[in-house]
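Counting along the sequence shown from 1, when you hit position 249 you're at 249 in the working numbering, and nothing is skipped either side. Let me begin by presenting the structure, written as structure tokens, before commenting on it.
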Amino acid sequence: MGSVRVPRGWAARLAVAGLVAATAVAGVAAPAAAEDDPGWVSAWLDDITVGTPGAPGRTAELRLSSTGATDPRVSFDLTGLAGVAAATFPSWCVTSASTVTCPMPPTATPDEWGTVEGTVPVVLRALAGATAGTTGTLGYTVAADRVEPQAQQAAVTVAAGPVPISLVDAYVPGPAVGDTVNVPVSVVNGGGEAAEDLRLTLRFSVGLVPAAYRNCRYGTDPMLLTTVMVCTVRGSFVPGQRYKLRGGVATTVTPAALGDKRALQFVEPLATAGPLPAGVTLTRRESDRQLRLRAFGDPVSVLTAGQNDPWGQYYLRDIRGTFDVVALGAAATGAVGDTVRVQVGIRNDGPGVPDDSVSGGGAASFRFTPPAGTTVTSQPGGGCAPGGSEEEEGPPLYWYCGKPGLLFAAGETFTVAFDLRIDGPVGAAGEVRANPYPRVDDAPANDVAAVTVS
Numbered sequence: 001m002g003s004v005r006v007p008r009g010w011a012a013r014l015a016v017a018g019l020v021a022a023t024a025v026a027g028v029a030a031p032a033a034a035e036d037d038p039g040w041v042s043a044w045l046d047d048i049t050v051g052t053p054g055a056p057g058r059t060a061e062l063r064l065s066s067t068g069a070t071d072p073r074v075s076f077d078l079t080g081l082a083g084v085a086a087a088t089f090p091s092w093c094v095t096s097a098s099t100v101t102c103p104m105p106p107t108a109t110p111d112e113w114g115t116v117e118g119t120v121p122v123v124l125r126a127l128a129g130a131t132a133g134t135t136g137t138l139g140y141t142v143a144a145d146r147v148e149p150q151a152q153q154a155a156v157t158v159a160a161g162p163v164p165i166s167l168v169d170a171y172v173p174g175p176a177v178g179d180t181v182n183v184p185v186s187v188v189n190g191g192g193e194a195a196e197d198l199r200l201t202l203r204f205s206v207g208l209v210p211a212a213y214r215n216c217r218y219g220t221d222p223m224l225l226t227t228v229m230v231c232t233v234r235g236s237f238v239p240g241q242r243y244k245l246r247g248g249v250a251t252t253v254t255p256a257a258l259g260d261k262r263a264l265q266f267v268e269p270l271a272t273a274g275p276l277p278a279g280v281t282l283t284r285r286e287s288d289r290q291l292r293l294r295a296f297g298d299p300v301s302v303l304t305a306g307q308n309d310p311w312g313q314y315y316l317r318d319i320r321g322t323f324d325v326v327a328l329g330a331a332a333t334g335a336v337g338d339t340v341r342v343q344v345g346i347r348n349d350g351p352g353v354p355d356d357s358v359s360g361g362g363a364a365s366f367r368f369t370p371p372a373g374t375t376v377t378s379q380p381g382g383g384c385a386p387g388g389s390e391e392e393e394g395p396p397l398y399w400y401c402g403k404p405g406l407l408f409a410a411g412e413t414f415t416v417a418f419d420l421r422i423d424g425p426v427g428a429a430g431e432v433r434a435n436p437y438p439r440v441d442d443a444p445a446n447d448v449a450a451v452t453v454s
């Protein structure tokens, strides 16, 4: 092979060009490494219970998640279902012998962090001859390009007997005080056998008063002031058929209603019903009507993923009832060096009842700021906590006190005793300030009260 001569001066130019090229390659090395990340993929499927042959199919949803992975997918192994249940998959899945492979669902979209999540619905129903207690497995393996597959499995169990399921799950704007709302009652039998008679238990938040039926008994939960309604509903409720109360339960929104409210319902076969609500005395109310559930619509062949539970709820948002929470201040007298006690807090003059039973927090609280020239000498009770100290070792600037329990009934008072040492000189008054819940009340001028020491 002949040699190639490079003219004088060109060698330096080639060296510079090589250095530039090397620098350019080094500059893209980090992005190339990032592009090399195969990402991740995961999936989860809960255990599933299906009714005996003749029951509606049950829809189970596999949750498939992926970030940065190429071709995320899940493959189902049907061999563990032999003799137990048949499984049906969406049309965008591919079946090969006893394996079904589903890509990320076409409806899946990425969130703000780039994670894509979708659900793969799987319909399962018991095979002919499958008896109660028979159990199988639905295996599934999640994978993506260059991502190591992960195998898991969910148990599939056949259960006997009727399975009443509530079909009520509604969120609606809050009505006005004085209105009557019709709370729906609708159920379906998801089991493979008819239910002979049902027990229907409903709980209405404080401020909601349901109509009277002669086949129901009523009581009040002393902790939450909810109205409890327990009904014996006669009839034969066959598999797959939907039933409802025509018109729903007429429910009056009284002046006690305030904020978010709900009517919870629970349905069960009367023959296997559990104990009655604890701590509630049930009595009958005079009525000339009976609560009956009547069949409607065509029988259900497949229950959706959300139709699995015997309980349901009718949720009323933000009822704007009126109420007045009053701050309760105090006055004390003493000399420098004395310790005096002040009783401070809040009172609900109603008629609305702050109620946080929906979210589970506290429905009443206040902030107490001690008067200038005094120091709180003992940790008070009543769920109080100090706050606002400007120095790590300095005294708190205020105390935040929350009433135990989930509601603040009309006429109820919540106070806490504070012991104050008079350090002097006595100056500006302290204060009690009611915290607004679920909103600023209808008489905000009395939400703050003075606390003085002289």
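Just so it is clear, CB atoms sit at the ideal spot from N, CA and C, and this is done for glycine as well.
Residues near residue i in its chain [Cβ-Cβ closer than 8 Å; skip 5 each side]
i, result
"Arg-199", "Val-230, Cys-231, Thr-232, Val-233, Val-267, Glu-268, Pro-269, Leu-270, Ala-273"
"Val-188", "Pro-56, Pro-164, Ile-165, Leu-167, Gly-240, Gln-241, Arg-242, Tyr-243, Val-300, Leu-303, Gln-307"
Rounded C-alpha distance that separates residue i from residue j
i, j, result
"Gly-350", "Trp-399", "25 Å"
"Asp-442", "Ala-155", "55 Å"
"Pro-370", "Phe-414", "18 Å"
"Thr-452", "Cys-401", "19 Å"
"Trp-113", "Val-147", "20 Å"
"Asp-169", "Gly-411", "33 Å"
"Gln-150", "Ala-257", "51 Å"
"Gly-373", "Pro-436", "28 Å"
"Thr-339", "Asp-419", "6 Å"
"Gly-337", "Gly-388", "24 Å"
"Ala-33", "Asp-111", "At Ala-33, the pLDDT of 35 sits below 50, so the modelled position is not reliable; the number obtained from the coordinates is stated separately. For Ala-33 and Asp-111, the distance between alpha carbons rounds to 24 Å."
"Thr-375", "Ile-346", "22 Å"
"Gly-259", "Glu-193", "41 Å"
Cβ neighbours of residue i in the same chain (closer than 7 Å, five flanking residues each side left out)
i, result
"Cys-216", "Met-229, Val-230, Cys-231, Leu-291"
"Ser-454", "Thr-333, Val-426"
"Arg-433", "Ala-327, Phe-366, Arg-367, Asp-447, Val-448"
"Lys-261", "Ser-205, Gly-207, Leu-208, Leu-316, Ile-319"
"Asp-37", "Gly-68"
"Thr-79", "Ser-98"
Bridge-paired residues (DSSP) for residue i
i, result
"Arg-459", "Residue 459 is absent from the model: the chain starts at 1 and stops at 454."
"Phe-366", "Cys-401, Ala-434"
"Ala-195", "Phe-237"
"Trp-456", "With the chain running from 1 to 454 in the structure shown, residue 456 is simply not present."
"Thr-220", "Thr-227"
"Arg-455", "As displayed, the chain neither begins before 1 nor continues past 454, which places residue 455 out of reach and without an answer."
"Phe-204", "Thr-227, Ala-263"
Closest Cα partner of residue i within the set the options
i, options, result
"Val-468", "Ile-165, Pro-164, Val-183, Met-223", "This structure gives no information on residue 468, because the portion of the chain shown stretches from 1 to 454."
"Thr-107", "Arg-125, Val-100, Trp-92, Leu-127", "Trp-92"
"Asn-348", "Gly-337, Val-50, Ala-327, Val-342", "Ala-327"
"Val-280", "Leu-225, Phe-323, Tyr-314, Leu-264", "Leu-225"
"Arg-289", "Thr-254, Cys-384, Val-249, Asn-446", "Val-249"
"Gly-455", "Leu-138, Ser-96, Val-84, Thr-322", "No statement about residue 455 is possible, as the shown extent of the chain runs from 1 to 454 and does not include it."
"Ala-330", "Asp-324, Gly-321, Arg-341, Gly-360", "Arg-341"
"Ser-65", "Ala-159, Val-41, Gly-259, Cys-384", "Val-41"
"Pro-404", "Pro-395, Gly-361, Thr-375, Leu-62", "Gly-361"
"Leu-81", "Phe-237, Thr-180, Pro-396, Leu-138", "Leu-138"
"Pro-438", "Ala-43, Gly-235, Phe-323, Ala-295", "Phe-323"
"Thr-254", "Ala-176, Ala-450, Ser-357", "Ala-176"
"Leu-221", "Ser-357, Gly-383, Thr-70", "The question names Leu, yet the displayed sequence has Asp at residue 221. For the residues Ser-357, Gly-383, Thr-70, the minimum Cα distance to Asp-221 belongs to Ser-357."
Nonlocal neighbours in the same chain, by C-beta distance under 6 Å from residue i, ignoring five residues either side
i, result
"Thr-88", "Val-123"
"Val-94", "Thr-101"
"Arg-521", "The first residue shown for the chain is 1 and the last is 454, placing residue 521 beyond what the model contains."
"Thr-134", "Val-84, Val-158"
"Leu-407", "Val-353, Asp-355, Ala-363"
Contact between the region 304-316 and the region 427-436 is defined here as three or more beta-carbon pairs at a separation below 8 Å; is this criterion met? By the Cβ criterion, the region 304-316 is not in contact with the region 427-436, since fewer than three pairs of Cβ atoms, one from each stretch, lie closer than 8 Å.
State whether the region 277-284 contacts the region 203-221, with contact taken as three or more CB pairs (one from each stretch) at a distance under 8 Å. Contact between the region 277-284 and the region 203-221 is present, because at least three Cβ pairs lie under 8 Å.
If contact is defined by three or more beta carbon pairs under 8 Å, each pair taking one atom from either stretch, is the region 72-88 in contact with the region 97-105? Output reads yes: the region 72-88 touches the region 97-105.
Determine, using beta-carbon pairs with one atom in the region 113-120 and one in the region 47-54, whether at least three such pairs fall under 8 Å. Result no; under three Cβ-Cβ pairs closer than 8 Å.
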